[in-house]
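Enquirer: Those sequence lines, one after another, are chains A and B.
Per the working numbering, the first sequence starts with residue 1, numbered consecutively.
Per the working numbering, the second sequence starts with residue 1001, numbered consecutively.
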Amino acid sequence: DQQVKQNSPSLSVQEGRISILNCDYTNSMFDYFLWYKKYPAEGPTFLISISSIKDKNEDGRFTVFLNKSAKHLSLHIVPSQPGDSAVYFCAAISKEYGNKLVFGAGTILRVKS
Amino acid sequence: EAGVTQFPSHSVIEKGQTVTLRCDPISGHDNLYWYRRVMGKEIKFLLHFVKESKQDESGMPNNRFLAERTGGTYSTLKVQPAELEDSGVYFCASSSSGANVLTFGAGSRLTVL
């Protein structure tokens, strides 16, 4: 039973445009959400996070939006750059689960120059 | 600051053999986690150490997997005997006490033939 779902396996975007990566979750006990980026042969690296008490968090070109009623979050990258090409993982935490990360399956982002 | 180090980066073994993966967390991080990603799917939690104690091992697939963290420093994950379905990338991550963000290693790719 997958509690965090990334329904788009891949996304292709032109350089300079906006990339929007989506994530849905089923467990209403999740109270903290993170996005990780992963390059081939490397481990996931932390990108940005958001607490469930907020609906938006921005860090430079990256913005995460949280819609609790819809159990949906999204990551916006603008403008997209070729170096952003990677696998993006959505992850969620619940104190109920002892703060362990629950990951989605990832979305491959390709930014074309 | 050195990151999370994992060894080996890639291991190829035959079914029935034993493999031991090692993880050196960031110095001073009490929390150490093992995760696994199989066949491009989600990154799944295996277990969580706090110092030398197993806090949560609910994700361990079966008793062929044994994790240790003697002295609360590095950790090992042994698979004995290995089966075909154990193939995947095993990630180690660490965090300081109370932190939500985990720092991941580059992973150990295990191929069981």
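Every residue gets a Cβ at the ideal spot worked out from N, C-alpha and C, and that includes glycine.
Could you please give the first and the last residue of the uninterrupted beta strand (DSSP E) stretch that includes A/Gln14?
Expert: The count along the first sequence starts at 1 and reaches residue 14 of chain A at position 14. First-last of the beta strand (DSSP E) with A/Gln14: Ser10 to Gln14.
Enquirer: Note down, in chain order, each residue of its chain lying with its Cβ closer than 6 Å to the Cβ of A/Ala92, except the 5 sequence neighbours on either side.
Expert: As a working mapping, residue 92 of chain A is identified with position 92 in the first sequence. For A/Ala92, where only same-chain residues beyond five positions count, the Cβ hits under 6 Å are Val4, Tyr25, Phe30, Phe33 and Val102.
Enquirer: Let me confirm a value: B/Leu1102 is counted as buried when at least 16 other C-beta atoms fall within 10 Å, else exposed. Which label applies?
Expert: Taking the first residue of the second sequence as position 1, residue 1102 of chain B is located at position 102. It is buried - the Cβ of B/Leu1102 has at least 16 other Cβ atoms within 10 Å.
Enquirer: Measuring straight from C-alpha to C-alpha, what distance separates A/Leu47 and B/Ile1043?
Expert: Residue mapping note: residue 47 of chain A aligns to position 47 of the first sequence, counting from 1. Residue mapping note: residue 1043 of chain B aligns to position 43 of the second sequence, counting from 1. So the alpha carbons of these two residues sit roughly 16 Å apart.
Enquirer: So if I threshold CB-CB distances at 8 Å, which residues from the stretch 44 to 61 of chain A count as touching chain B?
Expert: Cβ contacts with chain B: Pro44, Thr45, Phe46 and Ser49.
Enquirer: At a CB-CB cut-off below 8 Å, which residues of chain B make contact with A/Phe30?
Expert: The residue labelled residue 30 of chain A in the question sits at position 30 within the first sequence. Residues of chain B passing the Cβ test: none, with the nearest at roughly 12 Å.
Enquirer: Would you please verify whether the beta carbon of B/Tyr1090 is less than 8 Å from any beta carbon of chain A?
Expert: Working through the second sequence from its first residue, we reach residue 1090 of chain B at position 90. Not one chain A Cβ lies under 8 Å of B/Tyr1090.
Enquirer: B/Ser1097 and B/Val1004 - do their beta-carbons sit closer together than 8 Å?
Expert: One-based indexing of the second sequence puts residue 1004 of chain B at position 4. One-based indexing of the second sequence puts residue 1097 of chain B at position 97. Taking 8 Å as the Cβ cut-off, B/Val1004 and B/Ser1097 do not qualify as a contacting pair.
Enquirer: Taking only the alpha-carbon atoms, compute the straight-line gap between A/Lys37 and B/Asp1056 and give it to the nearest angstrom.
Expert: Here residue 37 of chain A refers to the residue found at position 37 when the first sequence is read from its first residue. Here residue 1056 of chain B refers to the residue found at position 56 when the second sequence is read from its first residue. Roughly 25 Å between the two C-alpha positions.
Enquirer: Is A/Ala41 close to chain B, meaning its C-beta is less than 8 Å from at least one C-beta of that chain?
Expert: As a position in the first sequence, residue 41 of chain A is number 41, starting the count at 1. Output row for A/Ala41: interface = yes.
Enquirer: Skipping 5 residues on each side, what residues in its chain have a beta carbon closer than 6 Å to that of B/Thr1076?
Expert: Start at 1 with the first residue of the second sequence, and residue 1076 of chain B comes out as number 76. Once the five neighbours on either side are set aside, the close Cβ partners of B/Thr1076 are Thr1020, Arg1022 and Glu1068.
Enquirer: Using CA coordinates, which residue listed in A/Glu42, A/Val13, A/Trp35 and A/Asn27 is at the minimum distance from A/Leu75?
Expert: If you number the first sequence from 1, residue 75 of chain A lands on position 75. Ranking A/Glu42, A/Val13, A/Trp35 and A/Asn27 by Cα distance to A/Leu75 puts A/Trp35 first.
Enquirer: Can you list, in chain order, the residues of its chain whose CB lies under 8 Å from that of A/Asn7, leaving out five sequence neighbours each side?
Expert: Translated into positions along the first sequence, residue 7 of chain A becomes position 7. Contacts found: Asn22 and Asp24.
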